[in-house]
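Novice: Structure provided below as structure tokens; questions to follow.
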Amino acid sequence: MEKLVRETTIEIKNAQGLHMRPAMQLVDLASRFDCEIAVNNGQTDADGKSIMQMSMLAATCGTRLYVRAEGPDAERALDALRELVEVQMFGEPPP
Amino acid sequence: MQGSQDSEDEWAASGREGLGRPTRNEFGMEIKKGIAVSPGVSIGKSLMVDSEDYRIPRREIEPSQRVVEIQRIRNAFSGAIKELDALERGQDEATGGRIKDIFAVHLRFLRDRSLRRRITDMVHADSVTAEYAVSTVLRAVASHFETNVKDTYISERAADIYDIERRLLRRLLGTKREDILHLREEVIVVARQLSPTQTAGFNRDYVKGIASDAGGRTSHAAIMARSLGIPAVVALEDLTEVVRGGDQVIIDGNRGIVIVNPDEETLRQYEAYSREFVALEHKLDTIREKPATTRDGVRIRLLGNIEFPDEAPSVLEKGGEGVGLYRTEFLYLNRPTEPIEQEQYEAYAEVARVFKNKPVVIRTFDLGADKYTQAQRQTPEPNPFLGLRSIRFCLQNLTMFKTQLRAILRASVLGQIKIMFPLITSIQELMQAKMIVHDVMEDLDEEKIRYNRDIEIGAMIETPSAALTASTLARDADFFSIGTNDLTQYTLAVDRGNELVSPLYSAADPAVLRLIRMIIQDANKARIDVSVCGETASEPEYVMLLLGMGIRTLSLTPPMIPEIKQVIRSVTIEDCNHLTRTVLAMNSERQISSYLRTAARKILPEAF
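Protein chains in written order, with the working numbering: chain A, 107 to 201; chain B, 364 to 971.
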């Protein structure tokens with residue numbers, strides 16, 4: 107299996123930040139991909155598929171998350187995550 | 364019977380040294396000292412009750428036991444997931460979208476492998492029980508949200524984590540919790556702390572004693588235990604860490620002692636002591652039919668304080684002449700929904716029928732502070748005893764208040780029911796509450812429903828502001844009842860449930876006594892009835908003082924009626940007046956309480 111590694115930065119843009127429901131959406135989306143997804147907020151590493159770890163990042167609006175995906179569908183995973191976080195903003199309003 | 368008083372003194376005298384420090388001998392017996400809050404002695408097997416809000420005590424296990432604990436964790440998670448799945452599916456997307464989301468988030472947490480791994484790793488590494496690991500890990504996660512996260516919207520999510528913790532703990536401790544509701548054998552309940560709600564739910568036929576790590580003499584759980592007649596000792600500090608479920612435990616609610624795994628000799632001694640105590644109670648019961656009259660012929664009226672309708676007969680059995688305080692909060696405790704009018708009516712009617720033409724003073728809901736309604740439970744206040752409680756809560760929740768008043772007024776035709784408002788702090792509050800009674804009366808008139816138009820309406824005087832304005836309040840009240848517990852707490856600024864300051868809490872403080880005297884004098888001037896319904900009314904050492912200050916009606920916990928009657932029948936009003944003059948000239952609480960105790964010991968030596 108091809109080992110693809112992709113990295114990018116995604117910014118939280120909805121006003122209320124990565125509270126529980128957005129964290130759930132993000133984890134649900136990440137879990138649909140085979141690749142491993144690691145998220146870092148500049149201080150702490152979190153598993154993109156763990157709601158506990160993701161919610162504990164407590165990323166507020168404006169926080170930049172460094173996302174690293176490793177696996178065959180890494181590219182698609184990052185695109186999908188960016189779409190959810192930056193474009194759809196979890197279906198929530200910006201500040 | 365007032366072993367409690369002695370234990371408190373020893374406690375105060377020794378600072379906090381020695382309190383709650385376990386004494387161990389070679390038989391594995393442990394003797395622990397706390398504060399006696401409900402008299403009596405019982406011997407039985409312990410049942411551990413974990414309070415939902417308190418930390419699960421750390422309990423280490425044998426390494427070989429770890430696989431069992433890990434399996435329990437797995438079962439708890441899978442059980443909780445099933446439960447939540449059902450709850451989530453039950454929510455309609457349209458109406459319950461937000462709730463559905465909450466359940467969905469909780470489900471994600473329960474399915475989160477990294478969370479479960481942290482918990483099982485802890486069991487492996489530290490050899491602790493499943494419940495301790497679950498509680499510790501989830502509380503660490505919750506406190507991360509509370510302390511490290513600046514954003515309030517996100518940090519509030521700590522509540523979700525606590526909720527997940529409770530759901531798992533319910534699974535792990537579930538059978539024990541069930542036990543308390545479906546008891547089949549006699550037990551001694553041992554807990555970190557008991558809420559009034561939990562205590563109210565105890566089945567008296569099976570719960571024979573109560574012991575808790577926390578609590579104070581006048582905490583509501585203690586009052587509840589006393590009114591249920593269950594011996595209880597509180598403030599035992601770390602008792603839950605030395606007792607295991609099923610251990611034999613002796614509760615000495617007279618001396619404030621709890622003995623875990625007593626040796627044979629101790630057990631024999633206690634069995635004998637318990638028999639003697641019962642014999643003293645029987646002796647006091649024989650004076651039931653005799654009047655509560657002082658030696659110089661002054662008639663004192665003794666009424667009972669009750670918490671539940673089924674306690675009413677016990678007031679008569681003990682020789683009470685009515686109910687001076689019918690607390691009604693039980694209607695709100697231990698249930699998921701609010702009580703409807705008919706249900707309340709039946710609760711009031713039941714008591715009115717027992718007493719017929721004898722007085723029954725119904726106190727309107729004293730909710731708030733440590734007793735919450737279903738709706739209130741969700742929004743804790745930073746300073747509940749100075750917050751929206753009691754009459755204030757009723758005046759802001761008129762639908763609830765009017766429903767209660769309607770039920771009381773409807774029942775008023777069945778006996779001599781009176782209405783009493785708690786925690787009045789000003790004349791405006793009293794007037795406002797009385798206006799609402801009149802509104803309800805008008806409604807009943809329109810509906811042609813009968814009630815006693817001349818029902819007496821009184822005020823509980825339990826704040827310094829009410830005491831200081833008693834002469835004004837007396838113009839608009841048919842009677843006063845002095846609530847010495849809250850009056851003491853508010854006058855001395857001492858939280859009566861906080862063991863760190865509870866030694867400062869004493870109704871014998873000169874400040875409290877001066878307020879009590881003022882209330883009585885103002886009531887007498889206005890020619891309205893005044894009684895005492897606080898704890899002091901049931902404490903033999905206060906009785907002479909209260910009589911000397913002019914009190915002729917006492918309302919107290921039914922089990923104490925015979926003993927107080929015995930005190931009354933042994934004194935003259937002249938003695939009481941003399942004692943009161945001496946006491947009111949004293950300036951220190953310590954001096955006053957020791958003087959009162961010496962005087963009472965002379966009157967009723969066997970009770971001390």
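We treat Cβ as the ideally placed atom computed from N, Cα and C, and that holds for glycine.
What residues in the segment 183-194 of chain A bring their beta carbon closer than 9 angstroms to a beta carbon of chain B?
Specialist: So the list is empty, because no residue satisfies the distance condition.
Novice: Distance check for L132 of chain A and L187 of chain A, CA to CA, integer angstroms please.
Specialist: In the first sequence, the residue the question calls residue 187 of chain A occupies position 81. In the first sequence, the residue the question calls residue 132 of chain A occupies position 26. Their Cα atoms are separated by approximately 7 angstroms.
Novice: How would you list, in chain order, the residues of chain B whose beta-carbon sits under 7 angstroms from the beta-carbon of R127 of chain A?
Specialist: The count along the first sequence starts at 1 and reaches residue 127 of chain A at position 21. Here the neighbours are D464 and V468.
Novice: Using the Cα positions of E952 of chain B and L878 of chain B, report the straight-line distance between them to the nearest angstrom.
Specialist: The residue you call residue 952 of chain B lines up with position 589 of the second sequence. The residue you call residue 878 of chain B lines up with position 515 of the second sequence. If I take the Cα positions, the gap works out to 14 angstroms.
Novice: For Q159 of chain A, go through chain B and note every residue whose CB falls closer than 7 angstroms to its CB, in chain order.
Specialist: As a first step, residue 159 of chain A must be located in the first sequence, where it is residue number 53. Here the neighbours are S477.
Novice: Measuring only between beta-carbons, confirm whether P385 of chain B sits less than 9 angstroms from chain A.
Specialist: Sequence index remark: in the second sequence, residue 385 of chain B carries index 22 (1-based). Because the pLDDT of P385 of chain B is 39, which lies under 50, any placement of that residue in the model is unreliable, and the number read from its coordinates should be weighed accordingly. Chain A, which has no Cβ nearer than 9 angstroms to the Cβ of P385 of chain B, makes this no.
Novice: G572 of chain B bridges to which residues according to DSSP?
Specialist: By one-based count along the second sequence, residue 572 of chain B stands at place 209. G572 of chain B is bridged to B:I551.
Novice: Quick check: V717 of chain B and S409 of chain B, are their CB atoms within less than 9 angstroms of each other?
Specialist: As a position in the second sequence, residue 717 of chain B is number 354, starting the count at 1. As a position in the second sequence, residue 409 of chain B is number 46, starting the count at 1. For V717 of chain B and S409 of chain B, no; Cβs fall outside 9 angstroms.
Novice: So which residues of chain B does D153 of chain A contact, with C-beta pairs closer than 8 angstroms?
Specialist: The residue you call residue 153 of chain A lines up with position 47 of the first sequence. Neighbours of D153 of chain A on chain B, chain order: S477.
Novice: Can you tell me whether Q707 of chain B is buried or exposed, with buried defined as 16 or more other CB within 10 angstroms of its CB?
Specialist: By one-based count along the second sequence, residue 707 of chain B stands at place 344. Buried is the call here.
Novice: Confirm, please, whether the CB-CB distance from G731 of chain B to M783 of chain B is below 9 angstroms.
Specialist: Along the second sequence, read from residue 1 onward, the residue named residue 783 of chain B stands at position 420. Along the second sequence, read from residue 1 onward, the residue named residue 731 of chain B stands at position 368. Going by C-beta atoms, M783 of chain B is not nearer than 9 angstroms to G731 of chain B.
Novice: Just to make sure I have the definition right: I need the residues of chain A whose C-beta is within less than 7 angstroms of the C-beta of F472 of chain B. Which are they?
Specialist: Position 109 of the second sequence, counting from 1, holds the residue named residue 472 of chain B. Those within 7 angstroms of F472 of chain B in chain A are I157 and M158.
Novice: Per the DSSP calculation, M912 of chain B is bridged to which residue(s)?
Specialist: Here the question's residue 912 of chain B lines up with position 549 in the second sequence. M912 of chain B pairs with nothing; no bridge assigned.
Novice: Return the chain-ordered ranges of every beta strand (DSSP E) run that is complete within the segment 818-846 of chain B and spans a minimum of 3 residues.
Specialist: Entirely contained in the segment 818-846 of chain B, the beta strand (DSSP E) runs reaching 3 residues are, in chain order, 820-824 and 842-845.
Novice: What in chain B is Cβ-close to V202 of chain A, meaning under 8 angstroms?
Specialist: Here chain A has residues from 107 to 201 only, and residue 202 of chain A is not among them.
Novice: Who are the near neighbours of L190 of chain A in its chain, counting only those whose CB is closer than 6 angstroms to its CB and skipping five residues on each side?
Specialist: Numbered from its first residue, the first sequence carries residue 190 of chain A at position 84. Closer than 6 angstroms at Cβ, skipping near neighbours: L135.
Novice: Using the C-alpha atoms, what's the distance from S405 of chain B back to I620 of chain B?
Specialist: As a first step, residue 620 of chain B is located in the second sequence; it is residue number 257 there, counting from the start. As a first step, residue 405 of chain B is located in the second sequence; it is residue number 42 there, counting from the start. Their backbone Cα atoms lie some 11 angstroms apart in a straight line.
Novice: Can you pull out the residues from the segment 130-145 of chain A whose beta carbon lies closer than 8 angstroms to at least one beta carbon of chain B?
Specialist: Answer set for the segment 130-145 of chain A: M130, V133 and D134.
Novice: Would you check if there are 3 or more beta carbon pairs closer than 8 angstroms linking the segment 926-933 of chain B to the segment 653-667 of chain B?
Specialist: They touch, by the three-pair rule.
Novice: Using the three-state DSSP reduction, which class does T538 of chain B fall into: helix, strand or coil?
Specialist: Here residue 538 of chain B refers to the residue found at position 175 of the second sequence. In this prediction, T538 of chain B scores a pLDDT of 48, lower than 50, which makes its location untrustworthy; the coordinate-derived value is nonetheless stated afterwards. T538 of chain B falls in the helix class under three-state DSSP.
Novice: Tell me which residues share the same chain as R534 of chain B and place their Cβ nearer than 6 angstroms to its Cβ, disregarding the 5 neighbours each side in the sequence.
Specialist: Translated into the one-based positions of the second sequence, residue 534 of chain B becomes position 171. Around R534 of chain B: A439, G442 and A443.
Novice: Closer than 6 angstroms by C-beta to G154 of chain A: which residues in its own chain qualify, once you throw out the five before and the five after it? Chain order, please.
Specialist: Position 48 of the first sequence, counted from the first residue, corresponds to residue 154 of chain A. Same-chain partners within the cutoff: A136, I143 and V145.
Novice: By the three-class DSSP mapping on this structure, what secondary structure does Y689 of chain B have?
Specialist: For the purposes of this step, residue 689 of chain B is taken as the residue at position 326 of the second sequence. Three-state DSSP puts Y689 of chain B in a strand.
Novice: Could you tell me whether the Cβ atoms of V800 of chain B and L768 of chain B are closer together than 9 angstroms?
Specialist: Against the second sequence, residue 800 of chain B aligns to sequence position 437. Against the second sequence, residue 768 of chain B aligns to sequence position 405. Taking 9 angstroms as the Cβ cut-off, V800 of chain B and L768 of chain B qualify as a contacting pair.
Novice: Using only alpha-carbon positions, find the residue among B:A598, B:R589 and B:N848 that is nearest to L863 of chain B.
Specialist: If you number the second sequence from 1, residue 863 of chain B lands on position 500. The shortest Cα separation from L863 of chain B among B:A598, B:R589 and B:N848 belongs to B:A598.
Novice: Can you list, in chain order, the stretches of the beta strand (DSSP E) that have 3 or more residues and sit fully within the segment 770-825 of chain B?
Specialist: Within the segment 770-825 of chain B, the complete beta strand (DSSP E) runs of at least 3 residues are 779-784 and 820-824.
Novice: Beta-carbon within less than 8 angstroms of L793 of chain B's beta-carbon, same chain only, minus the 5 sequence neighbours each way: which residues are those?
Specialist: Your numbering for residue 793 of chain B matches position 430 in the second sequence. Contacts found: F784, I787, A822, L836, D839 and A840.
Novice: Where does A399 of chain B sit, in a helix, a strand or coil, going by DSSP?
Specialist: One-based indexing of the second sequence puts residue 399 of chain B at position 36. DSSP places A399 of chain B in strand when its eight states are reduced to three.
Novice: At least one CB of chain A closer than 9 angstroms to the CB of V497 of chain B: is that the case?
Specialist: For the purposes of this step, residue 497 of chain B is taken as the residue at position 134 of the second sequence. Output row for V497 of chain B: interface = no.
Novice: Can you tell me which of the three DSSP states D151 of chain A falls into?
Specialist: Residue numbering aside, residue 151 of chain A sits at position 45 when the first sequence is read from its first letter. Correct three-state label for D151 of chain A: strand.
Novice: Of the residues B:N940, B:A574, B:T691 and B:T945, which one's Cα is nearest the Cα of I754 of chain B?
Specialist: What you label residue 754 of chain B is simply residue 391 of the second sequence in a count that begins at 1. Nearest option by C-alpha distance: B:T691.
Novice: Residues in its own chain within less than 7 angstroms of T670 of chain B by CB, not counting five upstream and five downstream?
Specialist: Along the second sequence, read from residue 1 onward, the residue named residue 670 of chain B stands at position 307. The sequence shown places Glu at residue 670 of chain B, not Thr. Here the set comprises M587, S590, R690 and F693.
Novice: Among B:I573, B:M923, B:P922 and B:R915, which residue has its Cα nearest to the Cα of C939 of chain B?
Specialist: Residue mapping note: residue 939 of chain B aligns to position 576 of the second sequence, counting from 1. Residue B:R915 is the option with its Cα nearest to C939 of chain B.
Novice: Compute the beta-carbon to beta-carbon distance between V596 of chain B and V400 of chain B, rounded to the nearest angstrom, for a pair I have assumed lies under 8 angstroms.
Specialist: As a first step, residue 596 of chain B is located in the second sequence; it is residue number 233 there, counting from the start. As a first step, residue 400 of chain B is located in the second sequence; it is residue number 37 there, counting from the start. Contact holds; Cβ gap of about 7 angstroms.
Novice: Between which two residues does the beta strand (DSSP E) carrying D179 of chain A extend?
Specialist: Your numbering for residue 179 of chain A matches position 73 in the first sequence. Note, D179 of chain A: premise wrong, no beta strand (DSSP E); not H, not E.
Novice: Measuring straight from C-alpha to C-alpha, what distance separates P873 of chain B and Q791 of chain B?
Specialist: Indexing the second sequence from 1 puts residue 873 of chain B at position 510. Indexing the second sequence from 1 puts residue 791 of chain B at position 428. If I take the Cα positions, the gap works out to 29 angstroms.
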